[in-house]
Amino acid sequence: MKPFVAVLFLFSFSISFAQQKKQFSAFRISDPIKIDGILDEAAWQNAVPATDFVQNMTKPGNPSTQPTEVRILYDDDAIYVGAILYDVSPDSILRELGKRDTESNTDLFGLILDTYRDGINAFGFFITPAGVQLDARYSSNGVDFEWNAVWDSKVQINENSWVVEFKIPYSAIRFSKAEVQKWGINFVRKIRRHREISYWNNVNPAVVGLVNQSGELFGIEKIKSPVRLSVTPYVSGYADHFKTPTGGSVTSTFNAGADIKYGINESFTLDMTLVPDFGQVQSDNLVLNLSPFEIQFNDFRPFFTEGTELFNRGGLFYSRRVGGTPIGYQNVSRGLGEGENIISNPSASQLINASKVSGRTRQGLGIGVFNATTAPTFATIENSKGEKREVLTDPLTNYSVIVFDQSLKNNSFISLVNTNVMREGSIYDANVGGIQFKFLDKKVTHAISGDATLTQKYHPEKIDNGHAYNLAFSKVSGNFQYHLTHLVRSDT
Numbered sequence: 362m363k364p365f366v367a368v369l370f371l372f373s374f375s376i377s378f379a380q381q382k383k384q385f386s387a388f389r390i391s392d393p394i395k396i397d398g399i400l401d402e403a404a405w406q407n408a409v410p411a412t413d414f415v416q417n418m419t420k421p422g423n424p425s426t427q428p429t430e431v432r433i434l435y436d437d438d439a440i441y442v443g444a445i446l447y448d449v450s451p452d453s454i455l456r457e458l459g460k461r462d463t464e465s466n467t468d469l470f471g472l473i474l475d476t477y478r479d480g481i482n483a484f485g486f487f488i489t490p491a492g493v494q495l496d497a498r499y500s501s502n503g504v505d506f507e508w509n510a511v512w513d514s515k516v517q518i519n520e521n522s523w524v525v526e527f528k529i530p531y532s533a534i535r536f537s538k539a540e541v542q543k544w545g546i547n548f549v550r551k552i553r554r555h556r557e558i559s560y561w562n563n564v565n566p567a568v569v570g571l572v573n574q575s576g577e578l579f580g581i582e583k584i585k586s587p588v589r590l591s592v593t594p595y596v597s598g599y600a601d602h603f604k605t606p607t608g609g610s611v612t613s614t615f616n617a618g619a620d621i622k623y624g625i626n627e628s629f630t631l632d633m634t635l636v637p638d639f640g641q642v643q644s645d646n647l648v649l650n651l652s653p654f655e656i657q658f659n660d661f662r663p664f665f666t667e668g669t670e671l672f673n674r675g676g677l678f679y680s681r682r683v684g685g686t687p688i689g690y691q692n693v694s695r696g697l698g699e700g701e702n703i704i705s706n707p708s709a710s711q712l713i714n715a716s717k718v719s720g721r722t723r724q725g726l727g728i729g730v731f732n733a734t735t736a737p738t739f740a741t742i743e744n745s746k747g748e749k750r751e752v753l754t755d756p757l758t759n760y761s762v763i764v765f766d767q768s769l770k771n772n773s774f775i776s777l778v779n780t781n782v783m784r785e786g787s788i789y790d791a792n793v794g795g796i797q798f799k800f801l802d803k804k805v806t807h808a809i810s811g812d813a814t815l816t817q818k819y820h821p822e823k824i825d826n827g828h829a830y831n832l833a834f835s836k837v838s839g840n841f842q843y844h845l846t847h848l849v850r851s852d853t
């Protein structure tokens with residue numbers, strides 16, 4: 362057991378500002394809105410704009426250097442956002458083109474929607490002057506830009522401003538069944554050339570949290586969450602050529618499957634993938650690892666990136682294990698006999714199916730359940746006589762995760778997580794359980810946080826047990842901040 366104690370004092374100098382939530386009303390419409398970046402419909406003129414943005418950077422508390430006007434409309438299908446971002450030097454607006462969810466070196470506008478008004482969980486929708494969309498989910502675990510929604514946007518750059526128009530369908534967000542909706546909302550603008558970030562409702566950098574410093578949105582009434590069902594089938598084929606000293610061989614494979622997403626109710630969503638094919642997913646960058654520890658890569662597979670913020674609690678679930686490199690992949694070359702060659706050795710196990718149910722109730726209880734099964738994986742070896750044999754590199758394996766995450770007052774939370782892997786045969790199984798929490802006082806200035814983890818690794822002849830815990834006390838707001846941590850980890 363190795364105890365570790367660390368004390369970290371953080372000094373920050375900022376001005377204190379009174380935190381009073383602004384209020385804003387949406388305007389119901391009956392006529393359609395064309396998303397073209399031109400706010401010429403009469404409804405835009407009738408809506409009252411949100412103005413008077415306040416700097417978060419570089420001069421916290423000061424008015425934004427450029428005026429901004431934002432209006433919100435809604436109908437039975439979606440909410441609409443129209444923003445005029447004035448700029449005295451429109452030719453200086455930075456508009457670098459990049460990939461989706463990549464801000465790059467560019468200006469930016471967006472909104473943050475806290476549809477349950479818990480001050481922790483929210484949806485973010487952002488756009489750059491080049492028209493690049495960014496969307497994200499906010500939680501007490503941070504911000505997740507791997508989440509993607511389907512929404513429409515358009516940008517126009519004029520002689521004295523750039524104009525943004527959004528259409529966010531209700532299928533892209535989650536909200537209660539209440540007849541009268543009351544949401545938390547904030548708008549953000551970044552002026553890159555000034556390194557300036559401004560919010561409509563002041564976000565004090567000396568106060569912990571972002572979503573909890575949102576304003577309030579009223580006026581949305583009598584809307585319903587639509588039926589959320591999508592089915593995406595696929596068919597794919599591959600031809601693989603393996604070189605050998607005597608020539609080589611070509612193997613062909615054909616795959617078919619489907620992805621299914623279904624909104625169970627206002628709070629929970631079911632995602633399923635059947636015999637998925639991730640052959641088109643972005644590959645990893647090459648990394649030279651000289652350390653004794655493995656490198657954890659990001660997961661670019663859509664099923665494992667969308668709506669997974671609950672499963673990231675405590676850092677116990679590493680999704681790349683599911684359908685990843687077979688556990689005996691490296692042993693194949695080491696076990697070759699004289700005159701034998703590897704005909705095939707799959708670098709990834711075949712995922713048969715995976716499903717997850719996730720969401721959060723109106724009382725702030727987040728629930729996530731994940732289950733996946735991978736098929737047995739075999740390497741094929743051929744000797745000099747042309748005889749072939751198969752070597753099991755990964756057995757039939759089941760992975761499961763269950764998470765309970767309760768949002769509390771004052772930006773606090775407590776989470777319970779359990780992960781499990783079960784393998785057919787004599788290869789080891791494993792189970793990891795943990796708790797994570799963070800409690801802040803009423804003034805949101807001090808926090809007690811921590812986590813604890815218990816691990817079991819089940820071998821045929823023994824069980825390896827391990828544990829770790831971390832306890833911290835912090836001052837998280839104000840001009841003077843500090844952090845005291847006590848960390849203990851077992852040797853196994």
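Here my numbering is used: position 327 in the sequence shown is 688, and no number is missing along the way. By construction, the Cβ of each residue, glycine as well, lies at the ideal position given by its N, Cα and C atoms.
- Bridge partners - residue 613, DSSP secondary structure assignment: 600
- Message: Spatial neighbours of residue 716 within its chain, please: C-beta separation below 6 Å, excluding the five flanking residues on both sides.
- Response: 633 and 732
- Item | Cα-Cα separation between residue 435 and residue 527, rounded to whole angstroms | 11 Å
- Query: To which residues of the same chain is residue 581 closer than 6 Å at the C-beta, ignoring the five residues directly before and after it?
  - Reply: 387, 435 and 542
- Query: How far does the alpha helix (DSSP H) with residue 693 in it reach, from first residue to last?
  - Reply: 692 to 695
- residue 558 and residue 437: beta carbons closer than 8 Å? no
- Message: Helix, strand or coil for residue 559? Go by DSSP, reduced to three states.
- Response: strand
- Message: Going by the DSSP bridge assignment, what does residue 681 pair with across the sheet?
- Response: Partner(s): none; residue 681 has no beta bridge.
- Based on the DSSP output, what are the partners of residue 385 in its beta bridges? 578
- Task: Round the Cβ separation of residue 596 and residue 619 to the nearest angstrom and send it over; I've been treating them as touching at under 8 Å.
- Result: With 8 Å as the limit, residue 596 and residue 619 do not qualify as a contact, their Cβ atoms being about 10 Å apart.
- Message: DSSP three-state label for residue 428, please.
- Response: coil
- Beta-carbon contacts of residue 525 that lie in its chain and below 6 Å, excluding the five residues immediately before and after: 444, 470, 488 and 516
- Any idea what DSSP makes of residue 545, helix, strand or coil? strand
- Take the Cβ of residue 840 as the centre, count every other Cβ of all protein chains shown within 10 Å, and call the residue buried at 16 or more, exposed below. exposed
- Message: Going by beta-carbon coordinates alone, are residue 650 and residue 636 separated by less than 8 Å?
- Response: no
- Query: What is the rounded straight-line gap between the Cα of residue 328 and the Cα of residue 522?
  - Reply: Not covered by the structure: residue 328. The range shown for the chain is 362 to 853.
- Query: Where does residue 676 fall in DSSP's three states?
  - Reply: helix
- Query: What span of residues does the alpha helix (DSSP H) with residue 404 cover, start to end?
  - Reply: 403 to 407
- Could you tell me which of 779, 539 and 704 sits nearest to residue 747, measuring between CA atoms? 704
- Message: When you compare the CB positions of residue 830 and residue 808, do they come within less than 8 Å of one another, or not?
- Response: no
- Message: Measuring straight from C-alpha to C-alpha, what distance separates residue 566 and residue 552?
- Response: 18 Å
- Query: Counting Cβ pairs, one atom from each stretch, are 3 or more of them under 8 Å apart for the region 644 to 663 and the region 756 to 769?
  - Reply: no
- Query: Beta carbon of residue 639, beta carbon of residue 780: below 8 Å?
  - Reply: no
- Are residue 769 and residue 796 touching if we call contact CB-CB under 8 Å? no
- Task: Report the three-state DSSP secondary structure of residue 634 (helix, strand or coil).
- Result: strand
- Which residues DSSP lists as bridging residue 815, in chain order: 794 and 828
- Task: Please name the residue, chosen from 384, 548, 441 and 442, that lies closest to residue 416 on a Cα-to-Cα basis.
- Result: 548
- What's the gap between the Cα of residue 362 and the Cα of residue 828? Because residue 362 sits at a pLDDT of 42, beneath the cut-off of 50, its placement in the model cannot be relied upon, and the following sentence gives the value as read from the coordinates. Each residue's alpha carbon lies about 9 Å from the other.
- Cutoff 8 Å; reference residue 432; Cβ partners in own chain excluding five residues on either side: 388, 400, 405, 408, 409, 410, 411, 442, 443 and 444
- Task: On a CA-only basis, which of 477, 427, 463 and 460 is nearest residue 453? Give me that one, please.
- Result: 427
- Item | residue 666 - containing alpha helix (DSSP H), residue span | 663 to 666
- For residue 646, the nearest candidate out of 655, 684 and 659 (CA to CA): 659
- Could you check where the beta strand (DSSP E) with residue 504 kicks off and where it finishes? 503 to 505
- Task: Measuring alpha carbon to alpha carbon, tell me which of 507, 683 and 799 ends up nearest residue 460.
- Result: 507
- Closest by CA to residue 811, which one among 805, 800, 819 and 821? 800
- Item | residue 342 (DSSP reduced to helix, strand or coil) | Since the displayed the chain opens at 362 and closes at 853, residue 342 lies outside it and no answer follows.
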